[in-house]
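Residue 560 in the working numbering is what sits at position 37 of the sequence shown, and the numbering runs on without skipping anything. We treat Cβ as the ideally placed atom computed from N, Cα and C, and that holds for glycine. These figures come from a predicted structure and were not determined experimentally. Notes to accompany the following structure.
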Amino acid sequence: MIPPFFRVRVLDVTSSTNEDVKQAAMAGEPEGLVLKAKRQTAGKGRQGRVWESPEGNLYVSVLLRPQCAAQESGLFSFVTALAVHEAVLKVLPQADVKLKWPNDVLVNGKKIGGILLESSGAEKDRVEWLVIGVGINVSSHPEGTLYPTTSLAAEGGQVELDDVLEAFLNGLDHWRLTLRHDGFRHVRRSWLAQAQAGAMRVRLSDEEICGQFGGIDEKGRLILRLANGAEQAIEAGDVFFA
Ligand code: BTN
524 MIPPFFRVRV LDVTSSTNED VKQAAMAGEP EGLVLKAKRQ TAGKGRQGRV
574 WESPEGNLYV SVLLRPQCAA QESGLFSFVT ALAVHEAVLK VLPQADVKLK
624 WPNDVLVNGK KIGGILLESS GAEKDRVEWL VIGVGINVSS HPEGTLYPTT
674 SLAAEGGQVE LDDVLEAFLN GLDHWRLTLR HDGFRHVRRS WLAQAQAGAM
724 RVRLSDEEIC GQFGGIDEKG RLILRLANGA EQAIEAGDVF FA
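Next up, the structure:
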């Protein structure tokens, strides 16, 4: 069952479900709206990248109004990653499903899902709206991407899109309420328990740095252990494993 907090609407095609839900948010739509599209013509990924969106995969955006401080809205990427992790594990119970900072879900080292958060911005004290966009590769996955990709089907999972959506929304409801009632501590611990650790290369806007995964801090920043023993906290970047 889909948790009663959510109202699911389905479109055959749209440019980007994130764009549609942003428009709805700015027009005053209450939180809990979930927009699912069968395909997108201008799906958006992180850092301005394109998210290829042919029919057969899950494209969904959720509207929340978390009333949190602007700098806390990024914590929802960990909440969402845990929900995607649970949905994937339900289909592939034997698979090695891991979380890659900041918000990717990997199966056997390949990306199966991505998360794009957009919010009303940092000008105001409180976040007025937060759009959580999620793409999960269910029946196909793109080639030639920055990071190797896979899909549920390619890993041997046969599943209906609606079952993946239901599992994701159940997880999202659980983890958003955990964040609200218990704070980031519990979400952080659960995220770390599923994190892909080890040697990594982090691409920042103007340089690349190498080190060992050292966890995430209380603000959700990546802690990178450098060769000289120092630790660096990273707010934004792309991670590649050795
Ligand atoms: C990433 O780069 O990993 C994030 C990908 C997010 C894709 C989803 S698909 C549904 C929603 N609508 C979009 O245009 N993007 C997000």
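Have a look at the options and flag the residue whose alpha-carbon is nearest the alpha-carbon of residue i.
| i | options | result |
| --- | --- | --- |
| SER663 | VAL650, LEU581, ARG699 | LEU581 |
| VAL620 | LEU688, GLN719, PHE529 | GLN719 |
| GLU595 | LEU653, ASP627, ILE525 | LEU653 |
| PRO577 | LYS561, ASP686, ALA765 | LYS561 |
| LYS567 | ARG724, THR537, ASP686 | THR537 |
| GLU515 | ARG708, VAL762, LYS742, LEU715 | Lying outside 524 to 765, the shown extent of the chain, residue 515 is not represented and no answer is given. |
| GLN717 | PRO589, ALA604, ILE525, SER584 | ALA604 |
| ARG588 | PHE707, ASP627, ILE655, MET524 | ILE655 |
| GLY658 | ALA618, ALA759, LEU629, THR701 | LEU629 |
| ALA690 | ALA610, THR672, GLN563, PRO527 | ALA610 |
| PHE529 | GLN681, LEU598, LEU727, LEU695 | LEU695 |
| ARG726 | LEU669, LYS613, PRO665 | LEU669 |
| VAL607 | THR564, GLY571, MET723, LEU639 | LEU639 |
| PHE736 | LEU622, ASP686, GLY706 | LEU622 |
| ILE525 | PRO665, GLY679, ASP685, GLN681 | ASP685 |
For residue i and residue j, what's the separation of their Cα atoms in angstroms?
| i | j | result |
| --- | --- | --- |
| GLU651 | ASN751 | 42 Å |
| ASP740 | LEU692 | 26 Å |
| HIS697 | PRO527 | 12 Å |
| ARG532 | ALA753 | 49 Å |
| ALA618 | GLY760 | 27 Å |
| ASP627 | LYS633 | 10 Å |
| GLN590 | ARG649 | 6 Å |
| GLY706 | GLY734 | 29 Å |
| VAL710 | GLY597 | 13 Å |
| LYS613 | GLY637 | 17 Å |
| ILE635 | THR672 | 6 Å |
| SER539 | ARG703 | 28 Å |
| ARG688 | GLN570 | The amino acid at residue 688 is misidentified as Arg; the sequence shows Leu. If you take the alpha carbons of LEU688 and GLN570, they lie about 25 Å apart. |
| ALA677 | GLU575 | 17 Å |
| ARG712 | PRO553 | 30 Å |
| GLY579 | LEU747 | 37 Å |
| GLY644 | GLU683 | 35 Å |
| ALA565 | MET723 | 31 Å |
| GLY667 | GLN563 | 19 Å |
| GLN755 | ILE732 | 10 Å |
| ALA548 | GLN681 | 34 Å |
| LEU715 | ALA592 | 23 Å |
Please report the Cβ distance between residue i and residue j, rounded to the nearest whole angstrom; I am assuming they are in contact, meaning their Cβ atoms lie under 8 Å.
| i | j | result |
| --- | --- | --- |
| SER600 | PRO616 | No, SER600 and PRO616 are not in contact; Cβ-Cβ is about 24 Å, not under 8 Å. |
| SER674 | ASN660 | 4 Å |
| LEU558 | VAL544 | 5 Å |
| LEU534 | GLY555 | No, LEU534 and GLY555 are not in contact; Cβ-Cβ is about 17 Å, not under 8 Å. |
| LEU749 | ILE757 | The pair is not a contact, with the Cβ atoms about 11 Å apart (cut-off 8 Å). |
| ALA765 | GLY738 | With 8 Å as the limit, ALA765 and GLY738 do not qualify as a contact, their Cβ atoms being about 18 Å apart. |
| ARG699 | VAL602 | 6 Å |
Can you pull the DSSP bridge partners for residue i?
| i | result |
| --- | --- |
| LEU653 | LEU587, SER642 |
| ARG532 | LEU558 |
| ASP696 | None, per the DSSP bridge assignment. |
| TYR772 | Outside the displayed range of the chain (524 to 765) lies residue 772, so it cannot be described from this structure. |
| ALA718 | LEU622 |
| ALA756 | ILE746 |
| GLN735 | ALA722, ARG748 |
| PHE763 | ARG724 |
| ALA547 | DSSP, once it has assigned bridges, lists no residue as partnering ALA547. |
| ASP627 | LYS623 |
| ALA592 | ARG649 |
| GLY571 | DSSP output for GLY571 lists no bridge partner at all. |
| LEU672 | Note that residue 672 corresponds to Thr in the displayed sequence, not to Leu. In the DSSP output, where bridge partners are listed per residue, THR672 has LYS634. |
| ALA537 | A small fix is needed here, since residue 537 is Thr in this sequence, not Ala. Looking at the DSSP assignment, THR537 forms a beta bridge with GLN563. |
Counting contacts by CB-CB distance shorter than 8 Å, is residue i in contact with chain B?
| i | result |
| --- | --- |
| LEU587 | Absent from the structure is chain B; it holds one protein chain and no more. |
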